[in-house]
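**Q** So for the sequence shown, my numbering puts the first residue at 519; every next one is plus one. No residue lacks a Cβ here, since even glycine has one placed at the ideal position from N, Cα and C.
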Amino acid sequence: MPTALITGITGQDGLYLAEHLLAKGYEVHGIIRGQNNPRRDLVTELVPDVRLHNGDLTDLSSLMRAMHDSQPDEVYNLGAVSFVAYSWENAFVTSDVTGMGVLNILEAVRLHAGGDPRSVRFYQASSSEMFGKVQEVPQRETTLLWPRSPYGVSKVYGHYMTINYRESYGMHASSGILFNHESPRRGPEFVTRKISQAVARIHLGMQDTVALGNLDAQRDWGYAGDYVDAMWRMLQADEPDDYVIATGETHSIREFLDKAFAHVGIEDWSAHVTQDPRFMRPAEVDLLIGDASKAKEKLDWQPTVSFDELVAMMVEADIKAAKEGWWEGPGSRHGLA
């Protein structure tokens with residue numbers, strides 16, 4: 519039975535990855551920050567077979583303890599301060615966790631592996647936000663990185679540090695440059711989940727409007743459940759490498775609104791959506807669309823959920839959640855069952 523250790527186990531990707539690995543017969547361990555973490559109960563409810571360890575990406579000693587206690591064959595670093603808007607307000611914290619945290623977990627893996635640096639395979643969650651002011655359309659593994667947020671800059675640091683450890687120490691360390699991936703487990707601060715929650719509540723007469731930022735921003739949106747399968751495939755490959763994971767399609771916020779509101783029978787949503795300057799980015803990333811041909815060829819990976827299916831899935835989940843009285847809050851399981 520292979521063993522895996524996941525940082526960021528409480529997030530959307532961590533939960534889907536844990537389920538994916540458990541279904542494949544893995545023994546799964548997760549690092550969770552803080553003994554009173556409000557999402558601990560959520561993890562134990564959804565993936566009760568996962569063994570949890572207290573740890574923090576900013577504390578190398580805690581990562582070393584988790585490595586020693588779990589003895590993993592694979593380590594998936596999904597932990598980060600991942601909300602882009604927050605990264606402007608807290609650039610130092612974002613840089614410390616999302617950037618330096620990668621160095622800490624890489625060092626923990628290297629030290630634990632000792633004389634056999636390839637004995638523990640490592641996955642780094644890189645991000646399409648690294649492309650920022652895009653220099654090529656579509657974006658691929660060789661596209662110049664031009665991040666436009668503290669989050670994006672931090673991800674670039676972690677990405678290149680992973681490459682550096684791979685080349686310097688011979689580690690089996692791979693990075694997945696994942697484009698936007700959503701699900702009913704997406705945090706409510708992200709625009710897709712903000713929309714699906716609002717559409718559900720507007721449909722049920724629980725609210726009237728939703729305030730958003732730039733409606734013309736375009737993204738390559740996929741399903742998180744598909745993307746964690748790509749993570750796993752990277753660590754099964756004989757040689758480590760970096761891969762863009764994307765659908766190859768781009769859609770605007772307006773299109774997401776069209777599909778979400780149409781799902782509940784509202785064709786003209788203009789009366790329900792307002793634009794608020796507070797939600798505009800200081801430096802916008804206008805168009806992200808990925809070329810995942812390398813992953814399709816070398817990993818035999820394919821997305822299985824379409825854009826329309828993804829939007830419908832999220833709206834339906836939030837309608838169900840709203841009807842049953844679930845809502846986001848500390849320890850809430852809303853939208854996550």
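Is it buried or exposed, Gly543, if we count other Cβ atoms within 10 angstroms and call 16 or more buried?
**A** Label assigned to Gly543: exposed.
**Q** Could you check the C-alpha separation between Leu570 and Gly740 for me, to the nearest Å?
**A** For Leu570 and Gly740, the distance between alpha carbons rounds to 28 Å.
**Q** Which same chain residues end up closer than 7 Å to Glu827 when comparing Cβ atoms and leaving out the 5 residues on each side of it in sequence?
**A** There are no such residues.
**Q** Val655: which of Gly808, Phe610, Ala830 sits nearest, CA to CA?
**A** The candidate whose alpha carbon is nearest that of Val655 is Gly808.
**Q** At 4 residues or longer, and completely inside the region 538-625: list those alpha helix (DSSP H) runs for me, N to C.
**A** DSSP runs (the alpha helix (DSSP H)) wholly in the region 538-625: 558-564, 578-588, 602-607, 609-612.
**Q** Suppose the cutoff is 6 Å on Cβ atoms and the five residues either side in sequence are ignored; what does the same chain contact list for Arg551 look like?
**A** Excluding sequence neighbours, Arg551 sits near Asp574.
**Q** Determine the burial state of Arg796: buried for a count of at least 16 other Cβ atoms within 10 Å of its Cβ, exposed for fewer.
**A** The residue in question, Arg796, is exposed, as its Cβ has fewer than 16 Cβ neighbours within 10 Å.
**Q** Considering only the alpha carbon of each residue, which of His781, Pro821, Met689 lies closest to Leu629?
**A** Of His781, Pro821, Met689, the residue nearest in Cα terms is Met689.
**Q** What is the residue span of the beta strand (DSSP E) that Ile763 lies within?
**A** Note, Ile763: beta strand (DSSP E), 760-763.
**Q** Find out if the Cβ-Cβ distance for the pair Val615, Ser672 is shorter than 9 Å.
**A** It is a contact, given that the beta carbons lie within the stated cut-off.
**Q** Using a Cβ-Cβ cut-off of 6 Å (strictly less than) and excluding sequence neighbours within five positions of Ser568, which residues of its own chain qualify?
**A** Per the sequence shown, the amino acid found at residue 568 is Val instead of Ser. So the qualifying residues of the chain are Ala536, Val546, Gly548.
**Q** So, is Met752 buried or exposed, given that buried needs 16 or more other C-beta atoms within 10 angstroms?
**A** Answer is buried; the Cβ neighbour count reaches 16.
**Q** Can you tell me which of Ser580, His538, Ala778, Leu696 puts its alpha carbon nearest to the alpha carbon of Gln553?
**A** Answer by Cα proximity: Ser580.
**Q** Counting along the chain, where does the alpha helix (DSSP H) carrying Gly743 start and finish?
**A** From DSSP, the alpha helix (DSSP H) with Gly743 extends over 742-754.
**Q** Suppose contacts are defined by Cβ-Cβ distances below 9 Å. Is Asn595 in contact with Phe649 by that definition?
**A** It is not a contact, given that the beta carbons lie outside the stated cut-off.
**Q** Since Pro702 and Ala835 should fall inside the 8 Å C-beta cutoff, what is the C-beta to C-beta distance between them, to a whole number of angstroms?
**A** Right, the Cβ-Cβ distance comes to about 3 Å (below 8 Å), so this counts as a contact.
**Q** Am I right that Asp760 and Ser693 are in contact with their C-beta atoms under 8 Å? What's the rounded C-beta distance?
**A** The pair is a contact, with the Cβ atoms about 5 Å apart (cut-off 8 Å).
**Q** Under 8 Å Cβ to Cβ from Val823, same chain only, skipping five residues before and after it: list those, please.
**A** Correct list, in chain order: Gly740, Tyr741, Gly743, Asp744, Met831.
**Q** Using alpha carbons as the reference points, say which of Arg557, Pro556, Lys812 lies closest to Gln657.
**A** If we check each option's Cα against that of Gln657, Lys812 comes out closest.
**Q** Suppose contacts are defined by Cβ-Cβ distances below 9 Å. Is Phe901 in contact with Asp734 by that definition?
**A** Because the chain is modelled from 519 through 855, residue 901 falls outside the range shown and cannot be assessed.
**Q** So the candidates are Gly766, Gly532, Ala584; which of them puts its Cα closest to the Cα of Ala810?
**A** Nearest of Gly766, Gly532, Ala584 to Ala810, Cα basis: Gly766.
**Q** Just the Cα atoms here: how many angstroms apart are Gly849 and Asn732?
**A** With a pLDDT of only 33 at Gly849, under the threshold of 50, the placement of this residue in the model should not be trusted, and no figure is reported.
**Q** According to DSSP, is Pro848 helix, strand or coil?
**A** With a pLDDT of 31 at Pro848, under the threshold of 50, the modelled position of this residue cannot be trusted; read the value that follows with caution. Reduced to three states, the DSSP call for Pro848 is coil.
**Q** How long is the line joining the alpha carbons of His852 and Arg719, rounded to whole angstroms?
**A** Residue confidence for His852 is low, a pLDDT of 36 falling below 50, so the modelled location carries little weight; the figure read from the coordinates is stated next. Whole-angstrom Cα-Cα distance: 13 Å.
**Q** Quick one: Cα of Arg666 to Cα of Ser600, how far?
**A** Cα to Cα, the separation comes out at about 14 Å.
**Q** Tell me, please, which residues DSSP counts as bridged to Leu805.
**A** Per DSSP, Gln736.
**Q** State buried or exposed for Ala839, treating a residue as buried only when at least 16 other CB atoms are found within 10 Å of its CB.
**A** Buried is the call here.
**Q** Got a sec, what are the start and stop residues for the alpha helix (DSSP H) Gly676 sits in?
**A** Run containing Gly676: 668-687, per the alpha helix (DSSP H) assignment.
**Q** Can you find the residues in the same chain that come closer than 8 Å, C-beta to C-beta, to Trp750, ignoring five residues on each side of it along the sequence?
**A** Here the set comprises Leu535, His538, Leu539, Lys542.
**Q** Would the beta-carbon of Thr528 fall within 9 Å of that of Arg557?
**A** It is a contact, given that the beta carbons lie within the stated cut-off.
**Q** Going by beta carbon distance, what residues of the same chain come within less than 7 Å of Gln653, once the five residues before and after it are set aside?
**A** Counting only Cβ-Cβ distances below 7 Å, and skipping sequence neighbours, we find Thr661, Leu662, Trp664.
**Q** DSSP three-state label for Phe708, please.
**A** It is coil, neither helix nor strand.
**Q** Using the DSSP secondary-structure output, state which residues sit across from Ile524 in a beta bridge.
**A** Gly548, Tyr594, per the DSSP bridge assignment.
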